[in-house]
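Let me begin by presenting the structure, written as structure tokens, before commenting on it.
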Amino acid sequence: MTDPLILAVPKGRILEEALPLLAAVGIVPEPAFSDEGSRALRFRTNTPAVDLIRVRAFDVATFVAHGAAQLGIVGSDVLAEFEYSELYAPVDLGIGHCRISVAEPAGLAEHDDPRGWSHVRVATKYPHVTRQHFARRGVQAECVKLNGAMELAPVLGLAPRIVDLVSSGRTLKENGLVEVEVIAEVSSRLVANRAAFKTRPDVVPLVDAFRRAVMEKTAC
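So in the UniProt record's numbering, spot 8 of the sequence shown is number 8, and the numbers just go up one at a time.
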């Protein structure tokens, strides 16, 4: 008997948007999945052929790349940061829309011109994406790695600028920051482990089911 296919899903906002897609492909998590008091990380579904694991967004790519999960749902920001060769991203799910942007204090932005930068010090959880972006412009980027509370970096003098995900821009505004550059638009993708995609017969049909669900949603 084949072990259940493991689908890694991220905690937070993307998961809320992903649940209707999961339902559209016939995957309904067990009740414990919605129990906020549960500490479980692996969950059964209505089909014995599929289990879910719920992990941090950045960890979804790692679990799938290393074969601990066969499929996952992850933002294109994470894929760009890690560039795992073991990952195949066959479906843009059309959810989790946001952008990776450079932001700085509003007072600085009033007299700042990004076109004149030659060196920047940036707080970010995307050092690879950040360095690549600025290198293409011939700008040296000194990155301070943070995993959260990015908006505090300029306020407390850690770094004058940040690179972070932006959706509505409300968090930036409430912390006195403004966007000055958009590095990339972001959406969530269905990713597959390349080896599993070739060797497990249950992976391709599920990928196709997600593709159909996205096409039907787009057509509505």
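Cβ atoms here follow ideal geometry from the backbone N, Cα and C, with glycine treated the same way.
- Start and end of the alpha helix (DSSP H) containing valine 64? By 1-based counting over the sequence shown, the position of residue 64 is 64. 57–65 is the extent of the alpha helix (DSSP H) around valine 64.
- Backbone CA spacing between arginine 44 and isoleucine 6 [nearest angstrom]: Locating residue 44 in the sequence shown gives position 44, counting from the first residue. Locating residue 6 in the sequence shown gives position 6, counting from the first residue. Using only the alpha carbons, I get a separation of about 10 angstroms.
- Task: Assign valine 214 to one of three DSSP states: helix, strand, or coil.
- Result: Here residue 214 refers to the residue found at position 214 when the sequence shown is read from its first residue. Here valine 214 sits in helix by DSSP.
- Quick one: give me the first and last residue of the beta strand (DSSP E) that isoleucine 183 is part of. Your numbering for residue 183 matches position 183 in the sequence shown. Where isoleucine 183 is concerned, the enclosing beta strand (DSSP E) stretches over 177–186.
- Item | Three CB pairs or more closer than 8 angstroms across the stretch 176–196 and the stretch 88–104 | yes
- Local Cβ density within 10 Å of methionine 150, reported as buried at 16 or more and exposed below that: In the sequence shown, residue 150 corresponds to position 150, counting from 1. So methionine 150 counts as buried.
- Tell me whether glycine 169 sits in a helix, a strand or coil according to DSSP, three-state version. Here residue 169 corresponds to residue number 169 of the sequence shown, with the count starting at 1. Here glycine 169 sits in coil by DSSP.
- Query: Can you check whether the CB of alanine 49 is closer than 9 angstroms to the CB of alanine 213?
  - Reply: Taking the first residue of the sequence shown as 1, we reach residue 213 at position 213. Taking the first residue of the sequence shown as 1, we reach residue 49 at position 49. Against a cut-off of 9 angstroms, the Cβ pair of alanine 49 and alanine 213 comes out as no contact.
- Rounded separation between arginine 136 and threonine 130 - CA only: Translated into the one-based positions of the sequence shown, residue 136 becomes position 136. Translated into the one-based positions of the sequence shown, residue 130 becomes position 130. Those two C-alpha atoms are separated by around 10 angstroms.
- Kindly give me the distance between the Cβ atoms of valine 60 and glutamate 181, rounded to whole angstroms, as I take these residues to be in contact under 8 angstroms. On the sequence shown, residue 60 is found 60 positions in, with the first residue counted as 1. On the sequence shown, residue 181 is found 181 positions in, with the first residue counted as 1. At roughly 27 angstroms, the Cβ-Cβ gap does not stay under 8 angstroms, so valine 60 and glutamate 181 are not in contact.
- Exposure label - arginine 161; buried when at least 16 CB within 10 Å: The residue you call residue 161 lines up with position 161 of the sequence shown. With 16 or more Cβ atoms within 10 Å of its Cβ, arginine 161 is classed as buried.
- Excluding sequence positions up to five away, which residues of its chain have a Cβ less than 6 angstroms from the Cβ of histidine 97? For the purposes of this step, residue 97 is taken as residue 97 along the sequence shown, with counting starting at 1. Excluding positions up to five away in sequence, the list reads Ser187.
- Query: Nearest to alanine 18 by CA position, among Gly94, Gln140, Gly67, Leu177, is which residue?
  - Reply: In the sequence shown, residue 18 corresponds to position 18, counting from 1. Checking every option, the nearest Cα to that of alanine 18 belongs to Gly94.
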